[in-house]
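**Q** Handing you a structure now.
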Amino acid sequence: MLRVFRWLRFPILALLSSCPVWSVYLESDQDTSIPTGWAHAGRAAASDGLQLTFALRQQNVGRLRKVLEEVSDPDSPQYGKYLSLEELSSLVRPSEQTQKLVRSWLQSHGIKACRTVYTQDFLQCDMSVRVAETLLPGSEFHRYLKGHLSLVRSPALYQVHEELAEHLDFVGGLHRFPAATEALSRAWANQERREAGFHLGVTPAVLRKRYNLTRSDVGSGQNNSQAVAQFLEQYFHPADLAEFMMLFGREFQHLSKVDRVVGKQEGGKAGLEASLDIEYIMSTGANISTWVFTNPGRHESQEPFLQWMLLLSNLTSVPWVHTISYGDDEDSLATAYMERINVEFMKAGARGITLLFASASGATLCSHTHVASLKNKRCTCWPSVGAEVTSNTAVVFKSHEAIKEKTIFKQGEPFDSFLFSVVPRVEVNAVNSYLKATKALPPKTYYNTSGRAYPDVAALSDNYWVVSNRVPIPWVSGTSASTPVFGGILSLINDQRFLKGLPSLGFLNPRLYKLQGSALFDVTEGCHLGCLDEQVQGKGFCAAPSWDPVTGWGTPNYPALLAALRD
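With mature numbering (1 follows the signal peptide of the UniProt record, and there is no 0) applied, the sequence shown covers -23 to -1, 1 to 544.
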């Protein structure tokens, strides 16, 4: 952490020390540049309201990781013995000292409008710009405009007293801009992507045939549920879902309504992303109760992943499978922020929740050169690259026969994170086997053999039919097509486990990697087709037998996967 010498300014901090104070930058590597498309509209008024989120330092994070490993490992006697939200809270909630110190610090500035969550490790507080700039030295709030959107952010890094820094991981709502929808979302509709000679488009019937789902493979358990998380003003229309099921769901029992929306579901146009996610998780995970977590991600002072995790930390009952079709380059976010949100993913896994994230459909050269370790390297996609979640990627049909699949990516992508190196041994073995068996590899600067490798699994991704704003739309593609498909299949397997009195699958990777791909269709054809950059021409990584950095372990074979995972 960077530290700046300052004299005490707050009465509460005078209790901590009678000497000059070091101030600390909690997020010293956070990019504070203004993204393209946002226009500066001047300093925010001192009376403007803000909502900031204070991530209080948790206890027993190492123990939490151990718990996640034990409850997720089928060879462990603790397998499936998940924590309740109450047990989780008892494990990780901040110490009384942390809670008292942070609250006293806030109250000393007149900040009383704060809300916490069940696990007591976040505080969301309302305050004025004037108070925020006094509370967090170095911050300077400005207003930025993009179309009809208005946002208040600080282009300058904030600081906190050194002794407070021991009790806080980060403060949310100062720096991070919502990523552009086209950058974050993994869906697109583009006629040029269409491969019309191959097939007439992917529908639920095509997917169920390809992955060996029969007419009777639908949910029946009363205690089963699944969810999609939506951000960036992506909303679905119930009428679209009903029409989609009328057009494409005639061959299997299904639900035509979402059971619960958590968050604010606004009007206006339906989003292609939201329509795609909901229609396909509900057609593969057919007849299973489905929730939608919705958050605009356009709040004056909030970030979408953070808001979503706050919701999970405050609900005693949540769906067992969540699919998320959003992500961002890992170099655009502060390490402290990502590490803390990764802990939130661990909390979810310890409760038996499966998190399935869409990986990127390509990668770009890291542009945020303030992160020295990432300079001149390809950036991976966070949170998909996190060691606490399962990463899903994309494949396409090889031919019009609609039987075999091949890889899809048009642009080279690294498969190992340069920032996150917590890697299970089973994954290390898979990566090493691939590297030893592969003769032609990109330059070593494009990947990191000691980092978390991804993806883990794959599914079809191109040429989907979607109903959005009451219009059937063909040729919708992206990893956000494949991710809800795989998620729905995992929900079906959970359904069978619940009927036998077994717990949910939870964090899937430990069990997935021990299967060594035996229950999936191995995709062995195709490479990254585009040039890696101007200096390095030609293909990138290629698909291969067993695990590879293009398709993971492969695509789901439902009967085999069910047989492997239902006990």
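Beta carbons are placed, not taken as given, at the ideal position from N, Cα and C, and that holds for glycine.
Predicted model, so just to flag it, every value in this text is computed and none were measured.
Would you kindly check if the distance between the Cβ of V320 and the Cβ of V137 is under 9 angstroms?
**A** For the purposes of this step, residue 137 is identified with residue 160 of the sequence shown, where counting begins at 1. For the purposes of this step, residue 320 is identified with residue 343 of the sequence shown, where counting begins at 1. Against a cut-off of 9 angstroms, the Cβ pair of V320 and V137 comes out as no contact.
**Q** Which of the three DSSP states, helix, strand or coil, is assigned to R447?
**A** For the purposes of this step, residue 447 is taken as residue 470 along the sequence shown, with counting starting at 1. Reduced to three states, the DSSP call for R447 is coil.
**Q** Just reading off the alpha helix (DSSP H) that N319 is part of, what are its end residues?
**A** Residue 319 sits at position 342 when you count from the first residue of the sequence shown. Residues 312 to 327.
**Q** Classify M286: buried if its beta carbon has 16 or more other beta carbons within 10 angstroms, exposed otherwise.
**A** Taking the first residue of the sequence shown as position 1, residue 286 is located at position 309. Under this definition M286 is a buried residue.
**Q** Could you name the residues that DSSP lists as bridge partners for F334?
**A** Reading the sequence shown from its first residue, position 357 is the one you call residue 334. DSSP output for F334 lists I301, S368 as bridge partner(s).
**Q** Considering G149, what are the terminal residues of the beta strand (DSSP E) in which it resides?
**A** In the sequence shown, counting from the first residue as 1, residue 149 sits at position 172. That run of the beta strand (DSSP E) goes 145 to 149.
**Q** Can you tell which of T300, N200, L83 has the C-alpha that lies nearest to the C-alpha of L467?
**A** Within the sequence shown, residue 467 is the residue found at index 490, counting from 1. That would be T300, whose Cα lies nearest to the Cα of L467.
**Q** In terms of alpha-carbon separation, which member of T456, A216, P480, G483 lies closest to P449?
**A** Within the sequence shown, residue 449 is the residue found at index 472, counting from 1. Taking only the C-alpha atoms, the option nearest P449 is A216.
**Q** Please identify the residue among A520, T460, L479, A521 whose C-alpha is closest to the C-alpha of P533.
**A** Mapped onto the sequence shown, residue 533 falls at position 556. That would be T460, whose Cα lies nearest to the Cα of P533.
**Q** For L122, tell me which candidate among L476, N369, G14, T93 has the shortest Cα-Cα distance.
**A** As a position in the sequence shown, residue 122 is number 145, starting the count at 1. The option with the nearest alpha carbon to L122 is G14.
**Q** R130 and R153 - do their beta-carbons sit closer together than 9 angstroms?
**A** Translated into the one-based positions of the sequence shown, residue 153 becomes position 176. Translated into the one-based positions of the sequence shown, residue 130 becomes position 153. Cβ atoms of R153 and R130: closer than 9 angstroms.
**Q** Just checking my contact of D6 with A311 at CB under 8 angstroms: how many whole Å lie between their CB atoms?
**A** The residue you call residue 6 lines up with position 29 of the sequence shown. The residue you call residue 311 lines up with position 334 of the sequence shown. Yes, D6 and A311 are in contact; Cβ-Cβ is about 6 angstroms, under 8 angstroms.
**Q** Give every residue of the same chain whose Cβ lies closer than 6 angstroms to the Cβ of L113, excluding the five residues on either side of it in the sequence, and list them in chain order.
**A** For this step, residue 113 is matched to residue 136 along the sequence shown. Y135, listed in sequence order.
**Q** Since E256 and V443 should fall inside the 8 angstroms C-beta cutoff, what is the C-beta to C-beta distance between them, to a whole number of angstroms?
**A** Locating residue 256 in the sequence shown gives position 279, counting from the first residue. Locating residue 443 in the sequence shown gives position 466, counting from the first residue. Contact flag correct, Cβ pair sits at about 6 angstroms.
**Q** Are T111 and H86 closer than 9 angstroms when you measure CB to CB?
**A** In the sequence shown, residue 111 corresponds to position 134, counting from 1. In the sequence shown, residue 86 corresponds to position 109, counting from 1. Yes.
**Q** Mapping DSSP to helix, strand and coil, what is G529?
**A** Locating residue 529 in the sequence shown gives position 552, where the first residue counts as 1. Three-state result, G529: strand.
**Q** Tell me whether L539 is buried or exposed, calling it buried when 16 or more other Cβ atoms sit within 10 Å of its Cβ.
**A** The residue labelled residue 539 in the question sits at position 562 within the sequence shown. Label assigned to L539: buried.
**Q** Buried or exposed for P522, going by 16 or more other Cβ atoms inside 10 Å?
**A** The residue you call residue 522 lines up with position 545 of the sequence shown. Classification for P522: exposed.
**Q** Expressed to the nearest angstrom, what Euclidean distance is found between the alpha-carbon atoms of Y95 and L289?
**A** Here residue 95 is taken as the residue at index 118 of the sequence shown, counted from 1. Here residue 289 is taken as the residue at index 312 of the sequence shown, counted from 1. In a straight line, the C-alpha of Y95 is about 10 angstroms away from that of L289.
**Q** Assuming G248 and G465 form a contact by the criterion Cβ under 8 angstroms, report the distance between their Cβ atoms to the nearest whole angstrom.
**A** Indexing the sequence shown from 1 puts residue 248 at position 271. Indexing the sequence shown from 1 puts residue 465 at position 488. About 19 angstroms separates the two Cβ atoms, so there is no contact after all.
**Q** If you reduce the DSSP assignment to three classes, tell me which class V195 lands in.
**A** Residue mapping note: residue 195 aligns to position 218 of the sequence shown, counting from 1. In the structure shown, V195 sits in coil (DSSP, three-state: anything other than H, G, I, E or B).
**Q** Which residue comes first and which comes last in the alpha helix (DSSP H) that contains L60?
**A** Residue numbering aside, residue 60 sits at position 83 when the sequence shown is read from its first letter. It is not in any alpha helix (DSSP H) - L60 carries neither H nor E in the DSSP assignment.
**Q** Rounded to whole angstroms, what is the Cα-Cα separation between G483 and A325?
**A** By 1-based counting over the sequence shown, the position of residue 483 is 506. By 1-based counting over the sequence shown, the position of residue 325 is 348. Computed Cα separation, rounded: 8 angstroms.
**Q** Count the C-beta pairs between the stretch 218 to 233 and the stretch 422 to 433 that are closer than 8 angstroms, then say yes if the count reaches three, no if not.
**A** Result no; under three Cβ-Cβ pairs closer than 8 angstroms.
**Q** So, M104 versus L27, is the Cβ gap smaller than 9 angstroms?
**A** Position 127 of the sequence shown, counted from the start, is the residue given in the question as residue 104. Position 50 of the sequence shown, counted from the start, is the residue given in the question as residue 27. Result yes, Cβ atoms of M104 and L27 sit closer than 9 angstroms.
**Q** So what does DSSP say about R130, is it helix, strand or coil?
**A** Here residue 130 refers to the residue found at position 153 of the sequence shown. In this structure, R130 counts as strand in the three-state DSSP scheme.
**Q** Does DSSP classify F213 as helix, strand or coil?
**A** Counted from its first residue, the sequence shown places residue 213 at position 236. It is coil, neither helix nor strand.
**Q** In whole angstroms, give me the CA-to-CA distance for Q74 and S116.
**A** Here residue 74 refers to the residue found at position 97 when the sequence shown is read from its first residue. Here residue 116 refers to the residue found at position 139 when the sequence shown is read from its first residue. If I take the Cα positions, the gap works out to 26 angstroms.
**Q** If you check the beta carbons only, do A182 and T271 fall under 9 angstroms apart?
**A** Locating residue 182 in the sequence shown gives position 205, counting from the first residue. Locating residue 271 in the sequence shown gives position 294, counting from the first residue. Taking 9 angstroms as the Cβ cut-off, A182 and T271 do not qualify as a contacting pair.
**Q** Residues in the same chain with beta-carbon distance under 7 angstroms from S445, minus the five sequence neighbours each way, listed in chain order, please.
**A** The sequence position of residue 445 within the sequence shown is 468, counting from 1. The answer, listed in chain order, is D217, A247, L249, S252.
**Q** Rounded C-beta distance between V106 and T30? I'm assuming under 8 angstroms.
**A** Position 129 of the sequence shown, counting from 1, holds the residue named residue 106. Position 53 of the sequence shown, counting from 1, holds the residue named residue 30. Contact flag wrong, Cβ pair sits at about 16 angstroms.
**Q** What's the call for R187, buried or exposed, on a 16-neighbour Cβ count within 10 Å?
**A** By one-based count along the sequence shown, residue 187 stands at place 210. Buried is the call here.
**Q** Judging by CA-CA distance, which residue of P526, F475, C102 is the nearest neighbour of D415?
**A** What you label residue 415 is simply residue 438 of the sequence shown in a count that begins at 1. Checking the sequence, you will find Thr at residue 415 rather than Asp. Of the listed residues, the one whose Cα sits closest to T415 is P526.
**Q** Let me know if L224 comes out buried or exposed under the rule of 16 or more other beta-carbons within 10 Å of its beta-carbon.
**A** Taking the sequence shown and counting its residues from 1, the one referred to as residue 224 is at position 247. By the 10 Å Cβ count, L224 comes out exposed.
**Q** Output needed for D25: all residues of its chain with C-beta closer than 7 angstroms, excluding positions within five of it in sequence on either side, in chain order.
**A** Along the sequence shown, read from residue 1 onward, the residue named residue 25 stands at position 48. If we look at D25 and ignore the five residues flanking it on each side, its Cβ neighbours are S105, V106, V129.
**Q** Whose CA, out of E404, G198, E382, lies closest to the CA of L497?
**A** The residue you call residue 497 lines up with position 520 of the sequence shown. Among E404, G198, E382, the Cα nearest to that of L497 belongs to E382.
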